[in-house]
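A short worksheet on the structure shown next.
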Amino acid sequence: MAPWFSEGESIDRQKFITLLNVYPSDPELNLLLDQAVRITKVDSRQDLYPLFSVCPAGEKSNLAHTDIKDFTYWNALTPPGYSVSWKSPQAQSDINLSYQMVESRLSTHIELKGSILNGICFKAGIPLARAVITLTHELAHYVDHQMTIKDNMLQYADAQNFASEVLYAKGGEYAAYQMQMKTLRALQKEFQIDESELNISRLSAFFDHDGRVINPEGLETFILSDYPSGLGYAKTFKLEYREQLIRSEKSLTSLIDWLTGGLAQSIQTNITKFSRTAREYEDILPQWSAAKRTPEQDRKYAEMLVKYEQTKSWVKFYSTYQNDLYSNIGAINQRLSQTIDQIRNQ
Ligand SMILES: [Zn+2]
Numbered sequence: 000m001a002p003w004f005s006e007g008e009s010i011d012r013q014k015f016i017t018l019l020n021v022y023p024s025d026p027e028l029n030l031l032l033d034q035a036v037r038i039t040k041v042d043s044r045q046d047l048y049p050l051f052s053v054c055p056a057g058e059k060s061n062l063a064h065t066d067i068k069d070f071t072y073w074n075a076l077t078p079p080g081y082s083v084s085w086k087s088p089q090a091q092s093d094i095n096l097s098y099q100m101v102e103s104r105l106s107t108h109i110e111l112k113g114s115i116l117n118g119i120c121f122k123a124g125i126p127l128a129r130a131v132i133t134l135t136h137e138l139a140h141y142v143d144h145q146m147t148i149k150d151n152m153l154q155y156a157d158a159q160n161f162a163s164e165v166l167y168a169k170g171g172e173y174a175a176y177q178m179q180m181k182t183l184r185a186l187q188k189e190f191q192i193d194e195s196e197l198n199i200s201r202l203s204a205f206f207d208h209d210g211r212v213i214n215p216e217g218l219e220t221f222i223l224s225d226y227p228s229g230l231g232y233a234k235t236f237k238l239e240y241r242e243q244l245i246r247s248e249k250s251l252t253s254l255i256d257w258l259t260g261g262l263a264q265s266i267q268t269n270i271t272k273f274s275r276t277a278r279e280y281e282d283i284l285p286q287w288s289a290a291k292r293t294p295e296q297d298r299k300y301a302e303m304l305v306k307y308e309q310t311k312s313w314v315k316f317y318s319t320y321q322n323d324l325y326s327n328i329g330a331i332n333q334r335l336s337q338t339i340d341q342i343r344n345q
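Numbering (numbering that gives the first Met the number 0), first residue to last: 0 to 345.
This is how it looks when you write it as structure tokens:
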């Protein structure tokens, strides 16, 4: 079976088209490609080629790899009717590069989360059929990537629990291997494929002729257990569990620093500023007696009343915010100490 591309070759548009030319006609597999086109915001499948590259030489046994970066930014809550802007150059650049994003309004702050695809690489020299099935495996990771699965690490009882949640998550390895085998079976219906050249017989044994899993426990064990009997993911997931706990400890610490430092101060500044302005309006308004006002002054008076009400509502907003902030900081602190305990116990 001819290799899709050799060492030193790059994946250009033409190269990528050779792969699309043998892509199976199965609807589910085509939906996956369509989703990739949609989230990448390109016009056609051929335009997906810049996502792909050749894996650096010397990268161990992996045939392919998907590199996704998740990001989180925080912003203060804003009074109703005001939208948040994410101003820093880094945030702007991440937002522009992201392919999925979610903004959540919490009681202490607004959180912006997103994912950026750094790229998908294929190992040079893999056969064309292997490249196609690897493509759907990696696209499953890309399209269904769960950017919030590593939030709230304390929702997982332990490393074992985390490993199985990550394994079975949408866009996780279990789903990716299912997609991969579905692709192989679809290819086999359209072309003469010699499985022995694909080095996939052990994985293949867990699936039937239509690519359905016939031995789920066996497949789970195969993916999780150590080399050489399995694919070695349990080790990876457990290391990740610890790493993520350490990361969430760091992000909770910096969140608390930001909430108690800069944010609490700026809330206090706003309360003071808006209270002062509200008092100024209170001083001025009685002086504008209705009898002496011209129509133009009437209009200005009405405008002032609106601004006065708005200013008072902002004072109220920030005071409530401040109270919520301090009661939530306590809860975040508690999570932080639990995280530290869990890391120590690993
Ligand atoms: Zn994978």
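Note that beta-carbon positions come from the ideal geometry of N, C-alpha and C, so glycine has one too.
Who's in the neighbourhood of ligand 1, going by beta-carbon under 6 Å from any heavy atom, listed in chain order?
-> His136, His140, Glu172, Ala175
Based on Cα-Cα distance, which residue from Trp287, Leu96, Phe15, Ile255 lies nearest to Trp73?
-> Ile255
Look at the alpha carbon of Leu251 and the alpha carbon of Lys112, and state the distance between them as a whole number of angstroms.
-> 15 Å
CB Ile283 to CB Tyr320, shorter than 7 Å?
-> no
Give me the Cα-Cα distance between Pro227 and Met180, rounded to the nearest whole angstrom.
-> 20 Å
Could you work out which residue in Glu8, Asn322, Gln145, Gln341 is closest to Ser106 when comparing CA atoms only?
-> Asn322
Within the same chain, show all residues whose beta-carbon is closer than 7 Å to that of Glu172, passing over the 5 residues directly before and after it, in chain order.
-> Leu166, Ile222, Tyr232
Pro78 versus Asp69 - alpha carbon distance | 28 Å
If you run the structure through DSSP and keep just helix, strand and coil, what is Ile331?
-> helix
Out of curiosity, what's the CA-to-CA distance linking Cys54 and Ser312?
-> 57 Å
Which residues DSSP lists as bridging Lys112, in chain order | Thr71, Val101
Near Asn269, what residues of its chain come up, given a Cβ to Cβ distance below 6 Å and the 5 sequence neighbours on each side ignored?
-> Tyr317
For the beta strand (DSSP E) that Val53 lies in, which residues bound it at each end?
-> 51-53
Provide the residue(s) that pair with Phe206 in DSSP beta bridges, ordered along the chain.
-> Val212
Return yes when at least one heavy atom of ligand 2 lies under 6 Å from the C-beta of Leu218, else no.
-> Looking for ligand 2 in the displayed structure turns up nothing; the ligands present are ligand 1.
What residues are listed by DSSP as bridge partners for Asp66?
-> Gly118
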